[in-house]
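Trainee:
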Amino acid sequence: MQVFDEKQTHPAWIEVDASQFRKNLASIRRLSQAGLLCLPIKANAYGHGLIEIARIAEEEGVDYLGVSCLQEALFVRKALIDLPILVFGAIHEMQIPELIEWGFEFTISSLFKAKLVEDACTQLKKRCRVHIKVDTGMQRTGVRPESSASLIAFLEKSPFIEIVGIYSHLATADTPQDRNTEQQIRLFRELKEHYRDRGWIWHLANSGGVLYYPESHFDMIRPGLLCYGYAPSQKWVEVDPCFSLRARVSYFKVVGKGQGISYGHHYRTAVMSRVVTVPIGYGDGYRRSLYKKAQVLIGGRRFQISGAICMDQFMVDVGKAEVFVGDEVTLLGKQGEAEITLEELSLWGDSIPHEILSAFTERLPRHLLE
Ligand SMILES: *Cc1c(COP(=O)(O)O)cnc(C)c1O
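Here the working numbering is used: the first residue of the sequence shown is -16, the next is one more, and so on.
Dropping the structure here:
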C-alpha cells in the first residue's frame, strides 16, 4: 500500500515562516522591560499550529506558554514540551484534579475556586502552583482589587497552594494613550506595591501593552498577536507576519456570458470568461462572509472571488488571464511582490486579525519553513 504524506499532497495549506517567527520573538525581547516572556499559544497558536509553535518557543527560550484551557495544555505536554504552561481561563471544578496531577499552573479568580483547589490538593496529597487573576477593568474573569485581599490571604496560608504570579488583562490597550488602560495599569501597580517582596511574577501586558505602554510590562509580558508579527494598530517595523495561506487551482472551465456562479448565483459573468476553482472554503475557516469583497493572488495579480464561498471550494472569474490547474493561489501573505494582508482580510470579513487567524481549521496542514 502506498502511504501518502498528506502534508505534501493536500491542495490547500498554511505556511509558517519559522525563522521570521524567531526574529519576532527576539525583537520583542529587545523591546521588553520585563525579565520573562509568556507566549500565548491558545486557539492552535492563533492558527499557526499549537505544537509547531510550542516547539519553536522552547528552542528560543520563551519562559512560559499561555493556553486557554486544560485541553490545550494537555496537547502541549503530551507532545513532550517541558516549558511551564499557564492556563488563562477560569478553571472548571471537574478539571481541577487533572490540572494538579499534570503540574500545570492555572488561574484562580475567586475564593470559591480556591477552596475547591485546596480540597482537591488535600485529597491528592499534592501541591500546586497558581496565578491569581485580578480584574482591573475588563469585567471578565478575575477578582476585583478591593476583594482580592481575602483571596490572597487564603492562598498565602494554604500549605498546598503556592502563589506564583498575579495578573490582569488590558481591555483597551490597542490604542496608545488610552485613559482606561492607564487606569488599569495604575490599579495593578497599587496592588503590586501593597504586596511587595513576595517574589511573585506580576504580569499585565498583552500586545498593545507591550508596544504602547512600557509601564505595563512589570515582570512578564504576554503578547500574542505581536509575536505572530502583527501590531494591534499601526505597523511596527521590528516584526513581520510569518503566516501564509495558499492553495492550488483545482479546476478550470470557460463560462459563457451572463452565467451565474456558485450557490445562489450571486455573481454573474459579464462576458465569456475563464473561471477557476480553488479548493478551500469555510470548512477550512476561510469564512463565507468574505466573498463579496475578498481578493486572492494568482500569478502575482489580484482577482476578486466570484460568487459564494462553499464549504470546500470557491470560484474565481479570471477573465482572459492565463491561469492553469495546479497554479498557486495566495489567499493571505506574499506572492512575489504582491501581498494580501491580514488587515485586508479582517476588513473584508468584518472581523479582527485574532478571529481570522484562529478560525483556520485542522484540515489545512501547517508547513514549517525554516
Ligand atoms: C490572548 C491573551 C493574551 C494575548 O493577547 P494579544 O492581544 O494577542 O496580545 C494575553 N493575555 C491573556 C490572558 C490572553 O488571554
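Virtual Cβ for every residue (Gly too), placed ideally from N, Cα, C. Just so you know, these numbers come straight off a predicted model, no measurement behind them.
(1) In whole angstroms, what separates the C-alpha of D310 from that of G212?
(2) Do S141 and E101 have their CB atoms nearer than 9 Å?
(3) For ligand 1, I want to know if G44 counts as a neighbour, meaning its beta carbon is within less than 8 Å of at least one of the ligand's heavy atoms.
(4) For S245 and S227, what's the separation of their Cα atoms in angstroms?
(5) Considering only the beta carbon of each residue, do G72 and S93 sit closer than 9 Å?
(6) For L187, tell me which candidate among I(-3), R181 and A156 has the shortest Cα-Cα distance.
(7) I'd like the ranges of any alpha helix (DSSP H) spanning at least 4 consecutive residues and lying wholly in the region 112 to 143.
(8) Any contact between the region 7 to 19 and the region 324 to 334? By contact I mean 3 or more CB pairs, one from each, below 8 Å.
(9) Any heavy atom of ligand 1 within a distance shorter than 8 Å of the CB on R12?
(10) With DSSP collapsed to three states, give me the class of L347.
(11) For the candidate residues T344, I292, G302 and I146, whose alpha-carbon lies nearest to that of I281?
(12) Which residue comes first and which comes last in the alpha helix (DSSP H) that contains K6?
(13) State the Cα-Cα distance for the pair C111 and A277, rounded to the nearest angstrom.
(14) Would you say L48 and A62 are within 9 Å of each other, going by their C-beta atoms?
(15) Taking the alpha-carbon positions, what's the F201 to E173 distance?
(16) Going by C-alpha distance, which of I64, L53, L57 and L170 is nearest E41?
(17) Determine the closest residue to N7 out of P67, S190 and E221, with distance taken between C-alpha atoms.
(18) With distance defined between alpha-carbon atoms, name the residue in W85, K116 and I79 nearest to E99.
(19) On the three-state DSSP scale, how would you describe E353?
(20) Assuming contact is defined by CB atoms lying nearer than 9 Å, are K25 and G207 in contact in what I supplied?
(21) Since V261 and F307 are thought to touch, with beta carbons under 8 Å apart, how far apart are those beta carbons, to the nearest angstrom?
(22) From the DSSP output, in three-state form, read off G182 for me.
(23) Between A291 and D118, what straight-line distance do the alpha-carbon atoms span, to the nearest angstrom?
(24) Any heavy atom of ligand 1 closer than 8 Å to the beta-carbon of H234?
(25) Quick check: what's the CA-CA separation for A(-5) versus R229?
(26) Is the beta carbon of K116 sitting closer than 9 Å to the one on S151?
(27) What separation, rounded to the nearest whole angstrom, lies between the Cα atoms of V(-14) and H337?
(28) Name the two residues that bound the continuous beta strand (DSSP E) containing S256.
(29) Let's see if you can read the secondary structure: which residues bound the beta strand (DSSP E) around G72?
(30) Rounding to the nearest angstrom, what Cα-Cα distance links V59 and I39 in this structure?
(31) For P224, count neighbouring Cβ atoms within 10 angstroms of its own Cβ and tell me buried if that reaches 16, exposed if not.
(32) Could you pull the DSSP bridge partners for K317 from this structure?
(33) Helix, strand or coil: which one does DSSP assign to Q160?
(34) Candidates A342, E326, H177 and T90: which alpha carbon is nearest K218's?
(35) Taking just the CA atoms, how far does K240 sit from V123?
Mentor: Concretely, from the data shown:
(1) The sequence position of residue 310 within the sequence shown is 327, counting from 1. The sequence position of residue 212 within the sequence shown is 229, counting from 1. Looking at the backbone, the Cα of D310 and that of G212 are separated by about 27 Å.
(2) Working through the sequence shown from its first residue, we reach residue 141 at position 158. Working through the sequence shown from its first residue, we reach residue 101 at position 118. Yes, they are a contact pair.
(3) On the sequence shown, residue 44 is found 61 positions in, with the first residue counted as 1. No, since every heavy atom of ligand 1 falls outside the 8 Å radius drawn around the Cβ of G44.
(4) For this step, residue 245 is matched to residue 262 along the sequence shown. For this step, residue 227 is matched to residue 244 along the sequence shown. Cα atoms of S245 and S227: separation of roughly 26 Å, rounded to the nearest angstrom.
(5) Along the sequence shown, one-based indexing puts residue 72 at 89. Along the sequence shown, one-based indexing puts residue 93 at 110. The answer is no: Cβ separation not under 9 Å.
(6) Translated into the one-based positions of the sequence shown, residue 187 becomes position 204. Closest option to L187, Cα to Cα, is A156.
(7) The qualifying runs are 131 to 140.
(8) Touching, no, given that fewer than three Cβ pairs across the two stretches are closer than 8 Å.
(9) Here the question's residue 12 lines up with position 29 in the sequence shown. Checking every heavy atom of ligand 1 against the Cβ of R12, none is found closer than 8 Å.
(10) Looking up residue 347 in the sequence shown gives position 364. Coil.
(11) Residue numbering aside, residue 281 sits at position 298 when the sequence shown is read from its first letter. That would be G302, whose Cα lies nearest to the Cα of I281.
(12) One-based indexing of the sequence shown puts residue 6 at position 23. Taken as a continuous stretch (DSSP letters only), the alpha helix (DSSP H) holding K6 covers A1 to L14.
(13) Residue numbering aside, residue 111 sits at position 128 when the sequence shown is read from its first letter. Residue numbering aside, residue 277 sits at position 294 when the sequence shown is read from its first letter. So the two alpha carbons sit approximately 48 Å from each other.
(14) The count along the sequence shown starts at 1 and reaches residue 48 at position 65. The count along the sequence shown starts at 1 and reaches residue 62 at position 79. The Cβ atoms of L48 and A62 lie no closer than 9 Å to each other.
(15) The residue given as residue 201 occupies position 218 in the sequence shown. The residue given as residue 173 occupies position 190 in the sequence shown. One C-alpha to the other measures close to 12 Å.
(16) As a position in the sequence shown, residue 41 is number 58, starting the count at 1. Closest by alpha carbon: I64.
(17) The residue you call residue 7 lines up with position 24 of the sequence shown. Sorting P67, S190 and E221 by C-alpha distance to the C-alpha of N7 places E221 at the top.
(18) In the sequence shown, residue 99 corresponds to position 116, counting from 1. The question names Glu, but residue 99 in the sequence shown is Leu. Taking only the C-alpha atoms, the option nearest L99 is I79.
(19) Counting from 1 along the sequence shown, the entry for residue 353 is found at position 370. Residue state, collapsed to three classes: coil.
(20) Residue numbering aside, residue 25 sits at position 42 when the sequence shown is read from its first letter. Residue numbering aside, residue 207 sits at position 224 when the sequence shown is read from its first letter. The answer is yes: Cβ separation under 9 Å.
(21) For the purposes of this step, residue 261 is taken as the residue at position 278 of the sequence shown. For the purposes of this step, residue 307 is taken as the residue at position 324 of the sequence shown. Between V261 and F307 a beta carbon distance of about 13 Å is seen, past the 8 Å cut, so the two are scored as non-contacting.
(22) By one-based count along the sequence shown, residue 182 stands at place 199. The answer is coil: DSSP assigns G182 none of H, G, I, E or B.
(23) Locating residue 291 in the sequence shown gives position 308, where the first residue counts as 1. Locating residue 118 in the sequence shown gives position 135, where the first residue counts as 1. Answer to the nearest angstrom: the Cα atoms are 42 Å apart.
(24) Here residue 234 refers to the residue found at position 251 of the sequence shown. According to the sequence provided, residue 234 is Tyr. The question's His does not apply to it. Not so, every heavy atom of ligand 1 lies at least 8 Å from the Cβ.
(25) To locate residue -5, count along the sequence shown from 1; it is residue 12. To locate residue 229, count along the sequence shown from 1; it is residue 246. In this structure, the CA atom of A(-5) is about 6 Å from the CA atom of R229.
(26) For the purposes of this step, residue 116 is taken as the residue at position 133 of the sequence shown. For the purposes of this step, residue 151 is taken as the residue at position 168 of the sequence shown. For K116 and S151, yes; Cβs fall inside 9 Å.
(27) In the sequence shown, counting from the first residue as 1, residue -14 sits at position 3. In the sequence shown, counting from the first residue as 1, residue 337 sits at position 354. Note on V(-14): pLDDT 49, under 50, position unreliable in the model; no value is reported.
(28) The count along the sequence shown starts at 1 and reaches residue 256 at position 273. Where S256 is concerned, the enclosing beta strand (DSSP E) stretches over S256 to V261.
(29) Locating residue 72 in the sequence shown gives position 89, where the first residue counts as 1. From DSSP, G72 is part of no beta strand (DSSP E); its letter is neither H nor E.
(30) Mapped onto the sequence shown, residue 59 falls at position 76. Mapped onto the sequence shown, residue 39 falls at position 56. Inter-residue distance for V59 and I39 is about 12 Å (C-alpha atoms, whole angstroms).
(31) For the purposes of this step, residue 224 is taken as the residue at position 241 of the sequence shown. In summary, P224 is buried, with 16 or more beta-carbon neighbours lying within 10 Å of its beta-carbon over all protein chains present.
(32) In the sequence shown, the residue the question calls residue 317 occupies position 334. Under DSSP, K317 takes part in a beta bridge, and its partners are E322.
(33) For the purposes of this step, residue 160 is taken as the residue at position 177 of the sequence shown. Correct three-state label for Q160: coil.
(34) The count along the sequence shown starts at 1 and reaches residue 218 at position 235. Nearest C-alpha to K218: E326.
(35) In the sequence shown, the residue the question calls residue 123 occupies position 140. In the sequence shown, the residue the question calls residue 240 occupies position 257. Before going further, note that residue 123 is Arg rather than Val in the sequence given. Whole-angstrom Cα-Cα distance: 54 Å.
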